[in-house]
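**Student:** Residue numbers for the sequence shown follow my numbering, so the first one is 307 and each next one is one higher.
Heads up, the beta-carbon is just placed ideally off N, CA and C, and yes, glycines get one too.
All values derive from a computational prediction rather than experimental measurement.
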Amino acid sequence: MTAPSTFGLSTEARNLHWLLSNLVEEVPGVHSVTVVSSDGLMLLSSDPGHHQAKAAGPSDGPKGSSADLATIVSGIGSLTVGAAKLMDGGGVKQTMVAMDEGSVFVMSISDGSLLGVHATPDCDMSVVAYHMALFVGRAGHVLTPELRSELRTSMESAL
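(1) Give me, in chain order, the residues of the same chain whose beta-carbon lies closer than 8 Å to that of G446; leave out the 5 immediate sequence neighbours on both sides.
(2) Measuring only the C-alpha atoms, how far is D394 from S384?
(3) Could you tell me the distance, in whole angstroms, from the CA atom of K399 to the CA atom of S327?
(4) Rounded to a whole number of angstroms, what is the C-alpha to C-alpha distance between D428 and S351?
(5) Counting Cβ pairs closer than 8 Å, one from the region 451-460 and one from the region 317-337, do we hit at least three?
(6) With C-beta atoms as the reference, is V341 less than 8 Å away from L392?
(7) What is the rounded straight-line gap between the Cα of L347 and the Cα of L375?
(8) On the DSSP letters alone, give me the boundaries of the beta strand (DSSP E) that H424 sits inside.
(9) Between V333 and V412, which are expected to be in contact by the criterion C-beta below 8 Å, what is the C-beta distance as a whole number of angstroms?
(10) Could you name the residues that DSSP lists as bridge partners for T340?
(11) Do you know how far the Cα of G396 is from the Cα of S371?
(12) Going straight from the alpha carbon of M431 to that of S343, what length do you get?
(13) Considering only the alpha carbon of each residue, which of L349, H337, V336, V339 lies closest to S463?
(14) Within the same chain, show all residues whose beta-carbon is closer than 7 Å to that of D406, passing over the 5 residues directly before and after it, in chain order.
(15) Looking only at C-alpha atoms, which of G314, H437, V403, A373 sits nearest to E331?
(16) The beta strand (DSSP E) with G408 in it runs from where to where?
(17) Are the Cβ atoms of L325 and V336 separated by less than 8 Å?
Encoded structure:
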């Protein structure tokens, strides 16, 4: 298995890869980041070379893979949209799950896609949310159907 190469991708796709990598590298406490399409398919991942679940010891960090994070993000997104409909709450903007050993943040992108972040339990939630909002602001207007298709193809070719 190989990580998807940004070589040969459009400028917009390369920029999104860069923004995603930057989110992980620049925000303290962020383990991994993924973008999931409205139909639940992973479009981008900060850890694209690890699509298969890996065995993890107690100190090796989270069990699973970027595909696991994408599945979790998609599920949380569906659950919160359903809850918002039942409560007449309007659109869901952001969801945060705090756990003993980590946090998961999910933020809506304008086209129905979702940005998901897995972070440490002691991360600064406001900093993570701020950087997620920056990503969504920058990515939302360029995440066209054509770009989603290009990203999907790139992720599939890495498998």
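**Tutor:** The short version:
(1) Looking up residue 446 in the sequence shown gives position 140. Closer than 8 Å at Cβ, skipping near neighbours: I415, S416, D417.
(2) Position 88 of the sequence shown holds residue 394. Position 78 of the sequence shown holds residue 384. So the two alpha carbons sit approximately 15 Å from each other.
(3) For the purposes of this step, residue 399 is taken as residue 93 along the sequence shown, with counting starting at 1. For the purposes of this step, residue 327 is taken as residue 21 along the sequence shown, with counting starting at 1. Roughly 22 Å between the two C-alpha positions.
(4) By one-based count along the sequence shown, residue 428 stands at place 122. By one-based count along the sequence shown, residue 351 stands at place 45. Taking the straight line from one Cα to the other gives about 22 Å.
(5) yes
(6) Locating residue 341 in the sequence shown gives position 35, where the first residue counts as 1. Locating residue 392 in the sequence shown gives position 86, where the first residue counts as 1. Contact flag unset, no.
(7) In the sequence shown, residue 347 corresponds to position 41, counting from 1. In the sequence shown, residue 375 corresponds to position 69, counting from 1. Rounded to whole angstroms, L347 to L375 spans 11 Å at the Cα level.
(8) In the sequence shown, the residue the question calls residue 424 occupies position 118. Taken as a continuous stretch (DSSP letters only), the beta strand (DSSP E) holding H424 covers 420-425.
(9) For the purposes of this step, residue 333 is identified with residue 27 of the sequence shown, where counting begins at 1. For the purposes of this step, residue 412 is identified with residue 106 of the sequence shown, where counting begins at 1. With 8 Å as the limit, V333 and V412 do not qualify as a contact, their Cβ atoms being about 16 Å apart.
(10) As a working mapping, residue 340 is identified with position 34 in the sequence shown. Answer is S351, G422, bridged to T340.
(11) Residue 371 sits at position 65 when you count from the first residue of the sequence shown. Residue 396 sits at position 90 when you count from the first residue of the sequence shown. Computed Cα separation, rounded: 32 Å.
(12) Here residue 431 refers to the residue found at position 125 of the sequence shown. Here residue 343 refers to the residue found at position 37 of the sequence shown. Using only the alpha carbons, I get a separation of about 24 Å.
(13) Position 157 of the sequence shown holds residue 463. Nearest C-alpha to S463: L349.
(14) Position 100 of the sequence shown, counted from the start, is the residue given in the question as residue 406. If we look at D406 and ignore the five residues flanking it on each side, its Cβ neighbours are P427.
(15) For this step, residue 331 is matched to residue 25 along the sequence shown. Minimum Cα distance to E331 is reached at H437.
(16) Translated into positions along the sequence shown, residue 408 becomes position 102. Note, G408: beta strand (DSSP E), 408-414.
(17) As a position in the sequence shown, residue 325 is number 19, starting the count at 1. As a position in the sequence shown, residue 336 is number 30, starting the count at 1. No. Outside cutoff.
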